[in-house]
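Here the structure comes first, spelled out in structure tokens, and everything after it is commentary.
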Amino acid sequence: MSKDELVRLLPEYFAMSQAFPYLQAGSQKEFIFDAMQQNRGLPRDVEMTSVVANFICWDETGGHSRILEGGNAALPHILDTENFHSKLFRRDASRLLGRAIQPNYSTTTKRYLRALYHGLASSDPIARCAHMVAFELHAAEMIQSLWTTIVNAFEVRPEDLDYFRIHVGGYDPAEKYHAEMTSRLVSELVPADDNDRFLDVFDRAYSVSLEWCRNLIRIRQFDGDSRPQVLHRGHCHCGSVKFHVRAPEKISAVKCNCSICRMSGFLHMLVPGDNLSIECGEEFLTTYRFNKNIAQHTFCRVCGVKPFYRPRSNPSGFSVNVQCLDRTTIESVSVEVFDGEDWEQAICGMPGALGSSLKYEVSNEPERPPQ
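In this text, residue positions in the sequence shown follow numbering that gives the first Met the number 0: the first is 0, and each later residue adds one.
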């Protein structure tokens with residue numbers, strides 16, 4: 000990464016660093032309210048995830064290092080909030096840039112933090128554990144990578160960057176203990192017969208953090224309108240078929256009134272063939288053709304949902320069902336209505352493959368990402 004790219008990235012990272020301990024702290028609150036409502040004790044899985052969450056927050060706000068340095072006598076000094084890890088990062092970054100920085104909660108970062116919170120607050124102990132482990136393991140790699148990148152770009156000494164030295168450097172860095180602590184939750188909370196489910200949730204949770212990083216460093220492609228593209232993940236209803244597709248954050252979709260689209264509720268997003276990749280479950284796809292036998296409608300034979308298919312208007316590409324995409328990577332959806340009942344007349348009257356004079360916007364600020 001260049002210095003210019005880092006200048007844009009550092010305020011986003013600062014926002015994440017500032018928000019994380021508060022999100023982690025607040026993620027357990029519903030469990031005690033539920034216990035109060037039900038007039039019962041807390042289950043052990045809540046106790047374990049809460050004690051790990053509490054320590055991580057204590058560490059992120061500088062408390063643990065204070066006690067290590069000064070013992071119990073240092074406790075009154077925890078009110079010195081300049082020792083919060085996010086403040087250490089701000090100090091390092093401000094020194095590098097020659098000016099004070101402020102957190103930048105962009106749409107991408109806010110969407111990521113909301114998704115992270117909902118994972119950490121999951122009522123399913125296996126999912127909650129998976130999100131905690133995924134975040135901490137990813138954080139160790141992310142912090143190390145960013146440290147190396149900053150040192151190379153700004154030509155500074157690694158030991159002069161306090162935030163990174165405390166987390167992943169020095170004699171006894173803290174981040175490895177965060178990872179070990181959260182990983183130990185696996186053996187405590189995940190029964191052997193739930194290993195596959197845990198790994199599936201872990202993979203998706205890790206991908207959320209990974210995609211945030213990729214989006215920030217602009218590992219993106221551009222479409223013909225020079226709109227930045229990101230990696231959207233999707234799946235059928237039962238999850239047997241999973242895929243990812245490169246497309247803009249602001250999606251332009253098409254609602255068709257032909258017989259099959261009207262019955263299935265399919266919401267089209269046309270992409271080139273090499274923009275879509277099937278992650279798993281291709282063996283579960285079955286193909287259906289009708290009328291001209293050009294379009295290849297592909298359905299999951301387990302749940303019957305059509306996540307994507309080869310359309311008549313774009314047989315070398317795909318039409319992706321926007322309804323099947325993970326909403327955490329979608330900023331907005333604009334919808335055009337296409338008269339598929341009169342396909343030949345409608346397609347001839349359009350400048351592109353699909354279109355219409357009728358448009359409307361669909362807001363996409365979900366309270367929580369789809370399960």
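Think of the CB as a built atom: it goes at the ideal place given N, C-alpha and C, for glycine as much as any other residue. In this text, all values refer to a predicted model and were calculated from it rather than measured experimentally.
Proximity to Asp-161 [Cα-Cα], best of Lys-241, Arg-43, Ile-329, Gly-61
Sequence index remark: in the sequence shown, residue 161 carries index 162 (1-based). The residue with the shortest Cα to Cα distance from Asp-161 is Gly-61.
(request) Would you mind giving the Cβ-Cβ distance between Cys-302 and His-243, rounded to the nearest angstrom? I have them listed as a contact below 8 Å. (result) Counting from one through the sequence shown, the residue named residue 302 turns up at place 303. Counting from one through the sequence shown, the residue named residue 243 turns up at place 244. For a cut-off of 8 Å, the C-beta gap from Cys-302 to His-243 is around 19 Å, too long to register as a contact.
> Count the other CB atoms within 10 Å of the CB of Met-262; is the residue buried (16 or more) or exposed (fewer)?
Replying inline: Your numbering for residue 262 matches position 263 in the sequence shown. By the neighbour-count rule (16 or more Cβ atoms within 10 Å), Met-262 is not buried but exposed.
Restricting to runs no shorter than 3 residues, where is the beta strand (DSSP E) found entirely within the stretch 267 to 304?
The stretch 267 to 304 contains these whole beta strand (DSSP E) runs: 275 to 279, 284 to 287, 295 to 299.
Per-residue DSSP class, three states only, for Tyr-104 = For the purposes of this step, residue 104 is taken as residue 105 along the sequence shown, with counting starting at 1. Here Tyr-104 sits in coil by DSSP.
*In terms of residue numbering, what span does the alpha helix (DSSP H) encompassing Ile-165 cover?*
The residue you call residue 165 lines up with position 166 of the sequence shown. Bounds of the alpha helix (DSSP H) holding Ile-165 are 161 to 167.
Assumed close pair Leu-184, Met-47 - CB separation to whole angstroms, cut-off 8 Å | Stepping through the sequence shown from its first residue, residue 184 is reached at position 185. Stepping through the sequence shown from its first residue, residue 47 is reached at position 48. The pair is a contact, with the Cβ atoms about 6 Å apart (cut-off 8 Å).
With H, G and I counted as helix, E and B as strand and the rest as coil, what does DSSP make of Phe-265? Locating residue 265 in the sequence shown gives position 266, where the first residue counts as 1. Three-state result, Phe-265: coil.
Alpha carbons only, please: which of Leu-95, Pro-124, Ser-251, Val-304 is nearest the one belonging to Asn-371? This structure cannot settle anything about residue 371, because the visible part of the chain is limited to 0 through 370.
Helix, strand or coil for Gly-97, going by three-state DSSP, please let me know. Taking the first residue of the sequence shown as 1, we reach residue 97 at position 98. Here Gly-97 sits in coil by DSSP.
So what's Ala-18 in DSSP terms, helix, strand or just coil? Locating residue 18 in the sequence shown gives position 19, counting from the first residue. Helix at Ala-18.
>> Any contact between the stretch 317 to 337 and the stretch 244 to 261? By contact I mean 3 or more CB pairs, one from each, below 8 Å.
In response: Yes, they touch.
Point to revise | Among Ala-204, Gly-233, Asp-338, the one whose alpha carbon lies nearest that of Ile-125 | key: Residue numbering aside, residue 125 sits at position 126 when the sequence shown is read from its first letter. Comparing C-alpha distances from Ile-125 to each of Ala-204, Gly-233, Asp-338 shows the shortest one belongs to Ala-204.
inquiry  = Tell me whether the stretch 99 to 109 and the stretch 7 to 17 touch, counting them as touching only if at least three CB pairs, one residue from each stretch, are closer than 8 Å.
reply    = In this structure the stretch 99 to 109 lies against the stretch 7 to 17, because at least three pairs of beta carbons, one per stretch, are closer than 8 Å.
* Asked: Where does Pro-306 fall in DSSP's three states?
  -> Within the sequence shown, the letter at position 307 stands for residue 306. Taken through DSSP and simplified to helix, strand or coil, Pro-306 comes out as coil.
How would you write the range of the beta strand (DSSP E) that Arg-232 sits in, first residue to last? Reading the sequence shown from its first residue, position 233 is the one you call residue 232. Per DSSP, Arg-232 is one residue of the beta strand (DSSP E) stretching across 228 to 234.
**OP:** Say whether the stretch 177 to 196 touches the stretch 24 to 38, bearing in mind that this needs 3 or more beta-carbon pairs closer than 8 Å, one atom from each stretch.
**Re:** They do not touch, by the three-pair rule.
message = For Ala-24, which residues in the same chain have their Cβ closer than 6 Å to its Cβ, ignoring the five residues on either side in sequence?
response = For the purposes of this step, residue 24 is taken as residue 25 along the sequence shown, with counting starting at 1. Sequence-distant Cβ neighbours of Ala-24 in its own chain, meaning closer than 6 Å and more than five residues away, are Cys-56.
Assuming Phe-283 and Cys-299 make a contact with CB atoms under 8 Å, what is their CB distance in whole Å? Against the sequence shown, residue 283 aligns to sequence position 284. Against the sequence shown, residue 299 aligns to sequence position 300. Contact between Phe-283 and Cys-299 holds, with the beta-carbon distance rounding to 5 Å and staying under 8 Å.
### Message
What does the alpha-carbon distance come out to for the pair Ser-122 and Val-240?
### Response
Counted from its first residue, the sequence shown places residue 122 at position 123. Counted from its first residue, the sequence shown places residue 240 at position 241. About 25 Å.
Mind checking if Tyr-205 is an interface residue toward chain B, Cβ cutoff 8 Å exclusive?
Reference to chain B is not applicable here, since this structure consists of a single protein chain.
Is it buried or exposed, Thr-80, if we count other Cβ atoms within 10 angstroms and call 16 or more buried? Mapped onto the sequence shown, residue 80 falls at position 81. So Thr-80 counts as exposed.
*If we call anything under 8 Å between Cβ atoms a contact, is Leu-115 one with Val-207?*
In the sequence shown, residue 115 corresponds to position 116, counting from 1. In the sequence shown, residue 207 corresponds to position 208, counting from 1. Going by beta carbons, Leu-115 and Val-207 fall inside the 8 Å limit.
Query raised in the report: Among Gln-295, Ser-26, Val-319, which one has its Cα closest to the Cα of Pro-306?
Result: If you number the sequence shown from 1, residue 306 lands on position 307. The shortest C-alpha to C-alpha distance from Pro-306 to any of Gln-295, Ser-26, Val-319 is the one to Val-319.
With DSSP as the reference, identify every bridge partner of Phe-317, one or two as the case may be. Position 318 of the sequence shown, counted from the first residue, corresponds to residue 317. BP columns for Phe-317 point to Val-270.
- Any chance you could list the alpha helix (DSSP H) runs of at least 4 consecutive residues sitting entirely within the stretch 42 to 73, in chain order? Qualifying alpha helix (DSSP H) stretches, in chain order: 43 to 59, 62 to 69.
Short check: CB of His-267 to CB of Ala-252, under 8 Å? For the purposes of this step, residue 267 is taken as the residue at position 268 of the sequence shown. For the purposes of this step, residue 252 is taken as the residue at position 253 of the sequence shown. Between His-267 and Ala-252, the C-beta spacing is below 8 Å.
Quick one: grab the DSSP three-state call for Phe-13.
Within the sequence shown, numbered from 1, the residue matching residue 13 stands at position 14. Reduced to three states, the DSSP call for Phe-13 is helix.
**Prompt:** So which of Ser-64, Asp-44, Glu-68 has the shortest CA-CA distance to Met-131?
**Reply:** Here residue 131 refers to the residue found at position 132 of the sequence shown. Met-131 has its Cα closest to that of Asp-44, out of Ser-64, Asp-44, Glu-68.
query: In chain order, what residues of the same chain lie with their CB nearer than 6 Å to the CB of Leu-41, ignoring the 5 residues before and after it?
result: The sequence position of residue 41 within the sequence shown is 42, counting from 1. Contacts found: Ala-34.
Extent of the continuous alpha helix (DSSP H) to which Ala-246 belongs: For the purposes of this step, residue 246 is taken as residue 247 along the sequence shown, with counting starting at 1. Segment 241 to 247 is the beta strand (DSSP E) holding Ala-246; no alpha helix (DSSP H) there.
Next on the checklist: Considering only DSSP beta bridges, list what Cys-255 is partnered with.
Outcome noted: Residue numbering aside, residue 255 sits at position 256 when the sequence shown is read from its first letter. In the DSSP output, where bridge partners are listed per residue, Cys-255 has Phe-337.
- Item | Same chain only: Cβ atoms within 7 Å of Gln-220, ignoring 5 sequence neighbours per side | As a working note, residue 220 is residue 221 in the sequence shown. In this prediction, Gln-220 has a pLDDT of 46, which is less than 50 and means its spatial position is unreliable; what the coordinates show is noted afterwards. Spatial neighbours of Gln-220 in its own chain (CB-CB distance under 7 Å, excluding positions within 5 residues in sequence) are listed in chain order as Gln-228, Arg-245.
- Helix, strand or coil for Val-332 per DSSP? Looking up residue 332 in the sequence shown gives position 333. Val-332 sits in a strand when the DSSP states are folded into three classes.
ask   = If you draw a straight line from the C-alpha of Val-304 to the C-alpha of Val-189, how long is it?
value = Here residue 304 refers to the residue found at position 305 when the sequence shown is read from its first residue. Here residue 189 refers to the residue found at position 190 when the sequence shown is read from its first residue. Cα-Cα distance, rounded: 30 Å.
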